[in-house]
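Below: the structure, in structure tokens.
Residue numbers (the UniProt record's numbering): 1 to 133.
Structure representation (structure tokens):
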């Protein structure tokens, strides 16, 4: 098992980024490595971090402004070679179709449910790390 997994967290709201970090904790599940978070508040920061590489999964806030997480997800899926899996934070369960449109691999709703978020992120990391192995 790798020593750590890097998770990019994008939101224009610092409290949303903090909620994600607190919900996931140091390790979302026993069978995945501990996570290190890379926080981004702007689209250029997300694109720069993804171009540098080393990101194992992304958590994108669908309610961010001016660049919402759904549009960011769609853009990075088109532009980043071997884009890491994406977990979208959506405002309402009815927005799940938009998460599908954006090509996100998973979605959870606001407010952040720690169990649902950790489970979804652990699932994405398992798949990503299995591919890299």
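Just so you know, even glycine gets a beta-carbon here, dropped at the ideal spot from N, CA and C. Keep in mind the model is a prediction, meaning the values are calculated, not measured.
CB contact flag (residue i, residue j, <8 Å)
i, j, result
"residue 74", "residue 102", "yes"
"residue 7", "residue 57", "yes"
"residue 95", "residue 71", "no"
"residue 21", "residue 9", "yes"
Selected residue, minimal CA-CA separation from residue i, among the options
i, options, result
"residue 30", "132, 119, 130", "119"
"residue 113", "127, 97, 91", "91"
"residue 68", "80, 42, 96, 54", "42"
"residue 78", "127, 23, 115, 51", "51"
"residue 125", "115, 107, 86", "86"
"residue 64", "82, 11, 95, 83", "11"
"residue 89", "66, 98, 81", "98"
"residue 24", "82, 127, 5", "5"
Sheet register partners of residue i (DSSP bridge)
i, result
"residue 109", "90"
Separation of residue j from residue i, as counted between CA atoms
i, j, result
"residue 34", "residue 117", "15 Å"
"residue 55", "residue 105", "15 Å"
"residue 53", "residue 80", "10 Å"
"residue 163", "residue 83", "Residue 163 lies beyond the range of the chain shown here (1 to 133); nothing can be said about it."
| task | Pick out the complete beta strand (DSSP E) segments inside the segment 9–88, 3 residues or longer, and give them in chain order. | result | For the segment 9–88, whole beta strand (DSSP E) runs of length 3 or above, ordered along the chain, are 35–40, 57–61.
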